[in-house]
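Visitor: In our numbering, the protein residues as written are 67 to 699.
1. With C-beta atoms as the reference, is residue 156 less than 7 Å away from residue 204?
2. Is residue 529 helix, strand or coil by DSSP?
3. Taking buried to mean at least 16 other C-beta atoms within 10 Å of its own C-beta, is residue 373 buried or exposed?
4. Could you check how far apart the C-beta atoms of residue 260 and residue 548 are, in whole angstroms? I think they sit under 8 Å.
5. For residue 472 and residue 226, what's the separation of their Cα atoms in angstroms?
6. Given 6 Å as the limit, tell me if residue 378 has its C-beta closer than that to any heavy atom belonging to the ligand NAP.
7. If you reduce the DSSP assignment to three classes, tell me which class residue 588 lands in.
8. Since residue 690 sits in a beta bridge, which residues does DSSP pair it with?
9. Leaving out the 5 sequence neighbours to the left and right, which residues in its chain are closer than 6 Å to residue 605 when beta-carbon positions are compared?
10. For the beta strand (DSSP E) containing residue 93, name the first residue and the last one.
11. Per DSSP, which one or two residues make a beta bridge with residue 441?
12. Whose CA, out of 683, 168, 87, lies closest to the CA of residue 490?
13. Look at the alpha carbon of residue 412 and the alpha carbon of residue 614, and state the distance between them as a whole number of angstroms.
14. Measure the C-alpha to C-alpha separation of residue 649 and residue 273 and round it to an integer number of angstroms.
15. Assuming residue 408 contacts residue 370 under a Cβ cut-off of 8 Å, what Cβ separation, rounded to an integer in Å, is found between them?
16. Using a 10 Å radius around the Cβ and a threshold of 16 neighbouring Cβ atoms, would you call residue 424 buried or exposed?
17. Which same chain residues, not among the five before or five after residue 84, have their C-beta less than 6 Å away from its C-beta?
18. Given a cut-off of 7 Å on the beta-carbon distance, is the pair residue 81 and residue 101 in contact?
19. Along the chain, which unbroken stretches of the beta strand (DSSP E) at least 3 residues long are found entirely within the stretch 385-445?
20. In terms of residue numbering, what span does the alpha helix (DSSP H) encompassing residue 273 cover?
21. For residue 341, which residues in the same chain have their Cβ closer than 6 Å to its Cβ, ignoring the five residues on either side in sequence?
22. Look up residue 195 in the DSSP assignment and say whether it is helix, strand or coil.
23. Which partner residues of residue 356 appear in the DSSP bridge assignment?
24. By the three-class DSSP mapping on this structure, what secondary structure does residue 600 have?
25. So does the stretch 165-180 actually touch the stretch 263-272, counting three or more Cβ pairs closer than 8 Å?
26. Using 10 angstroms around the beta-carbon of residue 294, count the other beta-carbons present and answer buried if the total reaches 16, otherwise exposed.
27. Can you look up residue 330 in the DSSP assignment and give me helix, strand or coil?
28. Are residue 522 and residue 562 touching if we call contact CB-CB under 7 Å?
29. Exposed or buried, what is residue 438 when buried is set at 16 or more other beta-carbons lying within 10 Å of its beta-carbon?
30. How should residue 285 be labelled, buried or exposed, when 16 other C-beta atoms within 10 angstroms of its C-beta is the threshold for buried?
31. Leaving out five residues before and five after residue 379 in sequence, what residues of the same chain have Cβ atoms less than 8 Å from its Cβ?
32. Report the three-state DSSP secondary structure of residue 464 (helix, strand or coil).
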């Protein structure tokens, strides 16, 4: 009987979810195949014309170790016990653990407009992706993941692939023509400590105390209870739903004008959390009704439901995704069409994020949806009394919770290295992160029994408002903390300071990030010392009376700027540490910095901001310089 799931009873041979049809196994290293069966059961594994035998232990576990193999395939594997399992389409290549939070999660589907051509042309069955199902465990490391399957990089599947991971794999395959397996174990919004083992947190007492607390089932049961005073016997109703404001038959009364895009708090509505309805009539010509239509509504904070002519055409439950809805046939009509959006905002500013596309698209025709709409408030949320209950407790954010459930079950699987794109959830604790990430690297390497495994990570891109004066920056300090891990051998960092969007924590430029990770892999994992794997990295600064000269590593063919202008985003300061913008000039592989207001400069910063305006320094290979400062406390 063929059975690939489960491991809690031992009546049949069972395998972990990763060991399944279409898997990619790590080349040039011994290969472990493991599973569960009845105690004392004889297990036979046949693979590549060789036979391997073992007997299950008293606790029902079994393992066989296959000899190292070169890249290739496809192969089949037969596993015999009381039942037989036949696995097919197995490749031997390089396997990468891809982990982190939402920017590692973000699928190609969410960036399908930018990468439409890449999706259409994605026909490479040698690149395969396995999503580890999201699950938590705060008690102990687990033996298996709850679900997942190997998918090939083909048009039918590619939209489900992590965009960063796919572009990384594609770049490596184009160069080395070796199968690439991507095991994606990621969860949006999660902090690094959730991905770390109990052992790796021993030197962090505050986090270790939380680990011990979370193992107390009495505490967990108590924290998850909802206090009685947070439950309303008669919760307020949305007037817009009860009166059907989305219905073309509804006659609007008391609606006001408001601009889209924009937040309602910036347009005369004070601190409103609740539900606001937007409506506008759009004239559509007959010529636009002959092609499939889509509506782009940028990003909305926090949730939305969109109606056209009374029909719901799309909904999104949280703030981050781009709103791109396909309009069903027959909904649009020539002439006036009623567009209505129900927007729910839970906290902070609500409404439509600026600088995003707001359009109706059909074929080659586009109608802009920006401008003035009408709005009316459907529901106002009354602030609740502060509670000490469990409303803010998220299991996936707890220390060890994701390591136990989404990393520990992978440890027997042979790998090439790690990709890590995470940090947004930890930006307020830079000093701690500078110690946590190296601790995690060391622990993962030890747990996977790969002491020199390449660990490649992404430095956070620019995000949030731009500041046109030199200033302090929490995100800049966090990027510095990330870069501290470069002191760990066999690590590399993909700089993404130029790949962000001020209004989107999930920027579209995933291909650039994936390709920069691939360059890092070429040098770190594939030992190609000829490749220029990063942009300029600060090496030293020399003070010469009125100027500072900065020397860089990784200059490649030389320093340049991406726009042909002089380098921007350099600031200098004297002993008072009051920074001002510097005039920057490229002198060979150095940058000379001056400002008449600072006759005796001592310190320099580059791209030191949440979202620097124009971080244009690159090497001639086109890779961006990493942000830095010389005045670190």
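Ideal Cβ positions, reconstructed from N, Cα and C, are used throughout, including at glycine. Computed from a predicted structure; not experimentally measured.
Guide: Walking through what the data contain:
1. no
2. coil
3. That one is buried.
4. In fact, because the Cβ distance is near 17 Å, the residues do not count as touching under 8 Å.
5. 19 Å
6. Within the structure as shown, the ligand NAP is missing, as the structure has no ligands at all.
7. helix
8. 684, per the DSSP bridge assignment.
9. 617, 618, 619
10. Premise fails: residue 93 is in no beta strand (DSSP E) and is neither H nor E.
11. In the DSSP secondary-structure assignment, residue 441 is bridged to 322, 344.
12. 168
13. 49 Å
14. 45 Å
15. 6 Å
16. buried
17. Excluding sequence neighbours, residue 84 sits near 479.
18. yes
19. Within the stretch 385-445, the complete beta strand (DSSP E) segments of 3 residues or longer fall at 390-393, 401-411, 424-428, 431-434, listed in chain order.
20. 271-280
21. Around residue 341: 304, 410, 444, 445.
22. strand
23. BP columns for residue 356 are empty, so no partner.
24. coil
25. no
26. With a pLDDT of 44 at residue 294, under the threshold of 50, the predicted position of this residue should be treated as unreliable, though the coordinate-derived value follows. That one is exposed.
27. helix
28. At the C-beta level, residue 522 and residue 562 stay beyond 7 Å of one another.
29. exposed
30. Counting other Cβ atoms within 10 Å of its Cβ, residue 285 stays below 16 and is therefore classed as exposed.
31. 361, 372, 373, 391, 392, 393, 394, 397
32. Three-state DSSP puts residue 464 in coil, outside helix and strand.
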